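Scroll down for the structure; my scribbles are underneath it.
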Amino acid sequence: MSDMMDDMEEGGEGVVKKFMFVNRKAPHGTIYALEGLEVVLISAAFDQDVSMVFVDDGVYELIKGVNTKGIEVKDFSKTYRALEGYDIEKLYVEKASMDARGLTEDDLIVDVTVLDSNEMANLMAEQDVVISY
Amino acid sequence: MKIGIMVSEGPYNHQASDTAYLFARNAIEKGHSVPRVFFYHDGVNNSTKLTQPPQDDRNVVNRWSKLAEDHGVDLVVCVAAGMRRGITDDILAPGFRISGLGQLVEAGIQCDRLVTFGD
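So the sequence lines, in the order shown, correspond to chains E and U. In the working numbering, each residue's number is its place in the first sequence (first place is 1) plus 4. In the working numbering, each residue's number is its place in the second sequence (first place is 1) plus 1.
Next up, the structure:
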């Protein structure tokens, strides 16, 4: 923070913004989901109003019964259950994304709020910062 | 307006870094400020001075360095993503520095907009 540019010094302390992290990718195949989760955990330390959204293949990040032994990569699906411990409790899933993949809330490892596409759009419109990957 | 930028793809393979650079340069020319660009995921690969593109192509890395030199843009490379990909202090091009993800969150808090470039 000490390296922050001068013109960014003002108004940094105490500001609470609505941060939304949009998870659009399957948990494996690319690194976006894993590295994205790292930003979410860091954001918790900044006392921001954080929400996570799962759309498109991103809904696969939350499915039960993941086993990565066969592809020899780290299984980080348990991390989603630990989010509550970081006070990240606003998890939203788009219904159309689940429907398209034959998934229901029962298939997911965490409690989520299911939104239709219009509700999701409205929620996104309310945010100050949307980080998508 | 203060605009923060995140770049999440590497150079040449993907247009994200080019588009982010053009966006940043034009925003500055129009009177906005771009205090920080944060390089994440494969975007960290934009920071290495070891790249040697052909003479007749644009130099993605050097363009970022020049933007930092001319306009004081803070070019921050994520330490964790960088370590995974072999990006260390001794191969950084001028103007880049390695730091943590907190710098991205901080840019989101302090800038009026945070614009992400990637897939």
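Each residue gets a CB set at the ideal place from its N, CA and C atoms; glycine is no exception. None of the values given here were measured: they were computed from a predicted structure.
For residue 41 of chain U, there is no enclosing beta strand (DSSP E), as DSSP gives it neither H nor E. Annotation: residue 28 of chain U has no Cβ neighbours in chain E at a cutoff of 7 Å; minimum Cβ distance is about 14 Å. Using a Cβ-Cβ cut-off of 9 Å, residue 118 of chain E is close to nothing in chain U; its nearest Cβ partner there is about 25 Å away. In the structure shown, the three-state DSSP call for residue 65 of chain E is helix. Counting C-beta pairs with one atom in each stretch, the region 86-106 of chain E and the region 47-57 of chain E have three or more that are closer than 8 Å, which means they touch. Closer than 9 Å at the C-beta level to chain E, one finds these residues of the region 95-111 of chain U: 98, 100, 101, 102, 103, 104, 105, 106, 107, 108, 109, 110 and 111. In this structure, the CA atom of residue 81 of chain U is about 31 Å from the CA atom of residue 129 of chain E.
Using beta-carbon distances, residue 42 of chain U counts as an interface residue toward chain E, with a partner under 8 Å. For the C-beta of residue 42 of chain E, the chain U residues within less than 7 Å are, from N- to C-terminus, 81 and 102.
With fewer than three CB-CB distances shorter than 8 Å, the region 17-24 of chain U does not count as touching the region 117-136 of chain E. Of the candidates E/37, E/111, E/53 and E/31, E/53 places its Cα closest to the Cα of residue 133 of chain E. A distance below 7 Å between beta-carbons, with the five flanking residues on each side excluded, links residue 47 of chain U to the following residues of its chain, in chain order: 8, 11, 12, 18, 40, 61, 62 and 65. Residue pairing by DSSP puts residue 5 of chain U in a beta bridge opposite U/115.
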